[in-house]
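Inspection log for the structure reproduced underneath, given as structure tokens.
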């Protein structure tokens with residue numbers, strides 16, 4: 007298992023997130039914040055709740071794949087020597 011790695015977003019995603027934070031403060035909190043405050047808030051939430059969101063996503067992905075691979079043997083394998091039915 008690999009060590010912890012920081013959560014990194016693309017520059018485009020980060021720019022859109024920062025714009026969203028600034029808009030949220032302006033429209034919902036009636037407070038204008040600058041780039042620095044928006045970025046500090048963004049960095050805090052990515053560090054603080056990012057791992058929780060990431061872990062939840064990993065759990066969801068694992069459940070998704072486990073559900074789809076539960077009957078992998080039944081889906082992938084063929085019955086061998088099917089001509090002669092098994093006798094009891």
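Residue numbers (the numbering used here): 7 to 94.
Just so it is clear, CB atoms sit at the ideal spot from N, CA and C, and this is done for glycine as well.
DSSP state of residue i, grouped into three classes?
i, result
"residue 73", "helix"
"residue 80", "helix"
"residue 54", "helix"
"residue 39", "coil"
Taking just the CA atoms, how far does residue j sit from residue i?
i, j, result
"residue 23", "residue 66", "23 angstroms"
"residue 7", "residue 61", "For residue 7, the predicted model reports a pLDDT of 49, less than 50, meaning its position is unreliable; a value from the coordinates is still stated below. Rounded to whole angstroms, residue 7 to residue 61 spans 14 angstroms at the Cα level."
"residue 43", "residue 75", "46 angstroms"
"residue 41", "residue 81", "54 angstroms"
"residue 64", "residue 13", "13 angstroms"
"residue 36", "residue 30", "9 angstroms"
Exposed or buried, which one is residue i when buried takes at least 16 other CB atoms within 10 Å?
i, result
"residue 19", "exposed"
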